[in-house]
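Chemist:
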Amino acid sequence: MDNEVNSQINISTEQKPRIIAVANQKGGVGKTTTTINLATALAAARKRVLVIDLDPQGNASTGLGIERVDRLVNAYQVIIGEVTIDEAILDTVIPGLSIVSSEVDLSGAEIELIEFEDRLFRLKTCIVGHLEAFDYVLIDCPPALGLLTVNALNAADAVLVPLQCEFFALEGVSHLVRTIDRIKKAYNPELEIQGIVLTMFDSRNNLSYAVATDVREFFGDIVYDTVIPRNVRVSEAPSHGKPVLLYDTACAGSQAYIHLASEVLKREKMLAV
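This note's numbering applies: residue 984 is where the sequence shown begins, and numbers increase by one.
Set out below in structure tokens:
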């Protein structure tokens, strides 16, 4: 799989580490699926990648094959300062891809963070100076615009927004974009939208085409050319503890994420100029 994917992604970038928050306050839009499969494709392209699972549901951890028993040291302990992030990093079965896992305890961090003076920057405080071993850090955000997501946006260089091809998509993402703009103005002036990726595209449904057209007209060039199709193999893969690129490399979903990784790296190269 590594050689096959790497042959399709042949772009290099020198900026290290690059921190990208994968965010959308709406659930069920393919955020976690995008995080783990984009991370896998980047690792296959010989990038050193870390996923930080900042969602208390822990789906990114499950999707990368991390058992519950192996999550005793996780993002919650990092956020509240019990351990360093180095102590929480776990290797996955994918060469070059590591993860800081998550458990339901992380849901309590929203309340506990209120007591910290640096509550809006706690994640940034925890990771500064610790991630030089990685080329890319992908933060899987919870489906809400609470303190955990704000922490991710303040720690990130850029935001990648998965956007489901459905009726209320534009309304939801417009709210997220306004939040990103406020974070940029108030706390993190370097923050930028790396791109918007259309997910769960159903070629049999006219609504998917209509939403895609509206999103591209509204947001222009920040929308990726790659569209992630609604694909049964993508849906099946997490139940096997695997990214779809390992579960079925040849399926339409896998090929879409390979193309997305190529686009991300091309865009990163342009942003670095």
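Where is the CB? At the ideal position from N, CA and C, for every residue including glycine.
1) Under the three-state reduction of DSSP, which class applies to ILE1002: helix, strand or coil?
2) Got a sec, what are the start and stop residues for the alpha helix (DSSP H) PHE1201 sits in?
3) Would you kindly work out how many angstroms separate the C-alpha atoms of LEU1114 and GLY1155, rounded to a whole number?
4) Cα-Cα, which of GLU1251, GLY1129, ILE1068, ILE1062 is closest to THR1162?
5) Under three-state DSSP, which class holds ILE1166?
6) Since VAL1217 contacts THR1017 with CB under 8 Å, what's their CB separation in whole angstroms?
7) How many whole angstroms separate the CB atoms of ILE1205 and GLY1178, which I take to be in contact at a CB cut-off of 8 Å?
8) Between GLY1046 and GLU1175, what straight-line distance do the alpha-carbon atoms span, to the nearest angstrom?
9) What are the uninterrupted segments assigned as alpha helix (DSSP H) that are 4 or more residues long and contained completely in the stretch 1038-1064, given in chain order?
10) Where does GLN1177 fall in DSSP's three states?
11) Which word fits ARG1031, buried or exposed, when buried means at least 16 other C-beta atoms lie within 10 angstroms of its C-beta?
12) Classify SER1237 as helix, strand or coil using the three-state DSSP reduction.
13) Smallest Cα separation from ASP1074: which of THR1067, VAL1066, GLU1065, SER1084?
14) For ALA1244, count neighbouring Cβ atoms within 10 angstroms of its own Cβ and tell me buried if that reaches 16, exposed if not.
15) According to DSSP, is THR996 part of a helix, a strand, or is it coil?
16) Whether or not the stretch 1002-1011 and the stretch 1130-1139 are in contact is what I'm after, with contact meaning three or more pairs of Cβ atoms, one per stretch, closer than 8 Å; do they touch?
17) Only counting the same chain, and skipping five residues up and downstream in sequence, which positions put a Cβ closer than 7 Å to that of ALA1022?
18) Could you check what DSSP says for ILE1077 in three-state terms: helix, strand or coil?
19) Can the beta-carbon of VAL1133 be found less than 8 Å from the beta-carbon of LEU1103?
20) Identify the continuous alpha helix (DSSP H) that holds ILE1266 and give its terminal residues.
21) With H, G and I counted as helix, E and B as strand and the rest as coil, what does DSSP make of THR1067?
22) Starting from the C-beta of ASP1231, find all residues in its chain whose C-beta is less than 7 Å away, skip the five residues before and the five after it, and write them out in chain order.
23) Is the beta carbon of PRO1039 less than 8 Å from the beta carbon of ASP1118?
24) Answer with yes or no whether the minimum CB distance from LEU1159 to chain B is below 8 Å.
25) In chain order, what residues of the same chain have a beta carbon less than 7 Å from the beta carbon of PHE1202, not counting five sequence neighbours either side?
26) Beta strand (DSSP E) containing ALA1116: first to last residue?
27) Using a threshold of 8 Å, state whether the C-beta atoms of TYR1059 and LEU1025 are closer than that.
28) If LEU1159 sits next to ALA1152, beta carbons under 8 Å apart, how far is it from one beta carbon to the other, in whole angstroms?
Modeler: Working from what's here:
1) Three-state DSSP puts ILE1002 in a strand.
2) Boundaries of the alpha helix (DSSP H) harbouring PHE1201: 1189-1202, taken from the DSSP string.
3) The straight-line gap from Cα to Cα measures roughly 32 Å.
4) Per the Cα distances, GLY1129.
5) Here DSSP, grouped into helix, strand and coil, assigns ILE1166 to helix.
6) Rounded, the Cβ-Cβ distance is 10 Å, inconsistent with contact.
7) That belief holds up - the Cβ atoms of ILE1205 and GLY1178 are roughly 6 Å apart, short of 8 Å.
8) It is roughly 27 Å from the alpha-carbon of GLY1046 to the alpha-carbon of GLU1175.
9) Fully enclosed alpha helix (DSSP H) runs of 4 or longer: 1042-1046, 1058-1062.
10) Here GLN1177 carries a strand assignment [DSSP, helix/strand/coil].
11) Counting Cβ neighbours within 10 Å, ARG1031 comes out buried, since at least 16 surround it.
12) SER1237 falls in the helix class under three-state DSSP.
13) Of the listed residues, the one whose Cα sits closest to ASP1074 is SER1084.
14) That one is buried.
15) With a pLDDT of 41 at THR996, under the threshold of 50, the modelled position of this residue cannot be trusted; read the value that follows with caution. Three-state DSSP puts THR996 in coil, outside helix and strand.
16) Yes: the two stretches touch, three or more of their Cβ pairs being nearer than 8 Å.
17) Take ALA1022, set aside five residues on each side of it, and the residues of its chain with a beta-carbon closer than 7 Å to its own are VAL1032, VAL1034, LEU1080, LEU1121, in chain order.
18) In the three-state reduction of the DSSP assignment, ILE1077 falls in the coil class.
19) In this structure, LEU1103 lies closer than 8 Å to VAL1133 by Cβ.
20) With the chain covering only 984 through 1256, there is no way to say anything about residue 1266.
21) Looking at THR1067 - three-state DSSP - the assignment turns out to be coil, as it is neither helix nor strand.
22) Here the set comprises ARG1216, SER1237.
23) Against a cut-off of 8 Å, the Cβ pair of ASP1118 and PRO1039 comes out as no contact.
24) Although the question refers to chain B, the structure presented lacks it and comprises just one protein chain.
25) Once the five neighbours on either side are set aside, the close Cβ partners of PHE1202 are ILE1179.
26) ALA1116 -> no beta strand (DSSP E), and no H or E assigned at all.
27) Cβ atoms of TYR1059 and LEU1025: not closer than 8 Å.
28) Contact between LEU1159 and ALA1152 fails: their C-beta atoms lie close to 11 Å from each other, not under 8 Å.
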